[in-house]
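Colleague: Protein sequence lines correspond, in order, to chains P and R. So the numbering used here is basically just the index in the first sequence, starting at one, shifted up by 166. So the numbering used here is basically just the index in the second sequence, starting at one, shifted up by 310. Using N, Cα and C, we set each Cβ at its ideal position, and we do this for glycine too. Quick caveat: nothing in here was measured; it's all calculated off a predicted structure.
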Amino acid sequence: SQQGEEDPQALSIQEGENATMNCSYKTSINNLQWYRQNSGRGLVHLILIRSNEREKHSGRLRVTLDTSKKSSSLLITASRAADTASYFCATGPLDRGSTLGRLYFGRGTQLTVWP
Amino acid sequence: GAVVSQHPSRVICKSGTSVKIECRSLDFQATTMFWYRQFPKQSLMLMATSNEGSKATYEQGVEKDKFLINHASLTLSTLTVTSAHPEDSSFYICSARAGLADEQYFGPGTRLTVT
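#1: Kindly say whether Arg-220 of chain P, judged by its beta-carbon, lies nearer than 8 Å to any beta-carbon of chain R.
#2: Going by DSSP, name the residue or residues bridged to Arg-226 of chain P.
#3: When we look at the beta-carbon of Ala-247 of chain P and count the other beta-carbons within 10 Å, is it buried (16 or more) or exposed?
#4: Please classify His-381 of chain R as buried or exposed, where buried requires at least 16 other C-beta atoms within 10 Å of its C-beta.
#5: Could you tell me the distance, in whole angstroms, from the CA atom of Ser-245 of chain P to the CA atom of Gly-208 of chain P?
#6: Can you list the residues of chain P that Gln-352 of chain R reaches, using a CB-CB cut of under 9 Å?
#7: Let me confirm a value: Phe-271 of chain P is counted as buried when at least 16 other C-beta atoms fall within 10 Å, else exposed. Which label applies?
#8: Nearest CA to the CA of Thr-388 of chain R: which residue from R:Gly-363, R:Gly-371, R:Leu-410, R:Met-355?
#9: Does the distance from the CB of Ser-328 of chain R to the CB of Arg-421 of chain R come in under 8 Å?
#10: Does the structure place the region 169-182 of chain P close enough to the region 248-261 of chain P that three or more beta carbon pairs sit under 8 Å?
#11: Name the chain R residues that come within less than 9 Å of His-211 of chain P, Cβ to Cβ?
#12: Cutting at 7 Å between CB atoms, please list the residues of its own chain near Cys-323 of chain R, excluding the five before and the five after it.
#13: So Val-210 of chain P is in the beta strand (DSSP E); what residue range does that whole segment cover?
#14: Does the beta carbon of Arg-268 of chain P sit closer than 8 Å to a beta carbon anywhere in chain R?
#15: Short check: CB of Ile-242 of chain P to CB of Asp-249 of chain P, under 8 Å?
#16: Say whether chain R places a C-beta atom closer than 8 Å to the C-beta of Asn-204 of chain P.
#17: If the cut-off is 7 Å on Cβ atoms, which residues from the region 214-246 of chain P count as contacting chain R, listed in chain order?
#18: Mind reading off the beta-carbon distance from Ser-272 of chain R to Gly-274 of chain P? Whole number of angstroms is fine, and I expect it under 8 Å.
#19: Compare the Cα-Cα distances from Ser-238 of chain P to each of P:Thr-278, P:Thr-186, P:His-211 and report the closest residue.
#20: Applying a beta-carbon distance threshold of less than 9 Å, which residues of chain R neighbour Gln-282 of chain P?
#21: Could you confirm whether any beta carbon from chain P is found closer than 8 Å to the beta carbon of Arg-320 of chain R?
#22: Tyr-415 of chain R: buried (16+ other C-beta within 10 angstroms of its C-beta) or exposed?
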């Protein structure tokens, strides 16, 4: 399977705490992306990191990528109740000479932030 | 910007009938659209990649005769579930890619229930 695996499957924290989610994958990638999904809704793109990048920041989000370990982490700092959602990592495979842009999603981490 | 809509948001149909789901990019031209299905509390499974004006590329294990995809214009792709059965009940989500960008913009999803 080309899908990634998130860890943990569920995470419950208090407002103000940091939340860390991890993602592991198996194949060579062009990029790795993190998305957020509120219950029963579509996905919202959070951040993209390319295979030649090691760390990226966007607001309260920090993403790291270790291609040697085929893993990535998403850190949400100073979490808020509104951050409660499912978070998915998605890998963009390295397609030789192809620009298909496919994404393969992991199972997700359900984050609950308590006020 | 980068808004993707889906219609309908919910549909209930009887076993044996066909259902068409529309995916539209509202403010950009989508050279490529993707169709996913998602079971409750599970990941998104990529079903097919659709390029405007050409045949869709289906993922392994997805029946192309059952899930008909048409991408007739740069802003519209349709998924038709033919001869639907209860096991086809799922959350179907489309996404669109602008040009060769790696990010995908997701529609809000369509909840299909086959009785």
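Modeller: On the basis of the supplied data:
#1: Not an interface residue.
#2: Looking at the DSSP output, Arg-226 of chain P shares a beta bridge with no other residue.
#3: Ala-247 of chain P comes out exposed.
#4: His-381 of chain R is buried by the Cβ-count criterion.
#5: One C-alpha to the other measures close to 21 Å.
#6: Listed along chain P, the residues sitting closer than 9 Å to Gln-352 of chain R by beta-carbon distance are Arg-273, Gly-274.
#7: When all chains shown are included, Phe-271 of chain P counts as buried.
#8: The option with the nearest alpha carbon to Thr-388 of chain R is R:Gly-363.
#9: Not in contact: Ser-328 of chain R and Arg-421 of chain R (Cβ atoms no closer than 8 Å).
#10: Between the region 248-261 of chain P and the region 169-182 of chain P there are three or more inter-stretch CB-CB distances shorter than 8 Å, so the stretches are counted as touching.
#11: Neighbours of His-211 of chain P on chain R, chain order: Ala-312, Glu-413, Gln-414, Tyr-415, Phe-416.
#12: For Cys-323 of chain R, where only same-chain residues beyond five positions count, the Cβ hits under 7 Å are Val-329, Ala-394, Val-424.
#13: Here the beta strand (DSSP E) through Val-210 of chain P covers 209-216.
#14: Yes, its Cβ sits closer than 8 Å to a Cβ of chain R.
#15: Annotated as proximal: Ile-242 of chain P and Asp-249 of chain P, with beta-carbon spacing under 8 Å.
#16: Using a CB distance cut-off of 8 Å, Asn-204 of chain P does not count as an interface residue toward chain R.
#17: For chain R, the residues of the region 214-246 of chain P that bring a beta carbon within less than 7 Å of one of its beta carbons are Leu-214, in chain order.
#18: Outside the displayed range of chain R (311 to 425) lies residue 272 of chain R, so it cannot be described from this structure.
#19: Of the candidates P:Thr-278, P:Thr-186, P:His-211, the one whose C-alpha sits nearest the C-alpha of Ser-238 of chain P is P:Thr-186.
#20: Because residue 282 of chain P is not part of the residues shown, which for chain P are 167 to 281, the question remains open.
#21: Arg-320 of chain R does not count as touching chain P.
#22: Counting Cβ neighbours within 10 Å, Tyr-415 of chain R comes out buried, since at least 16 surround it.
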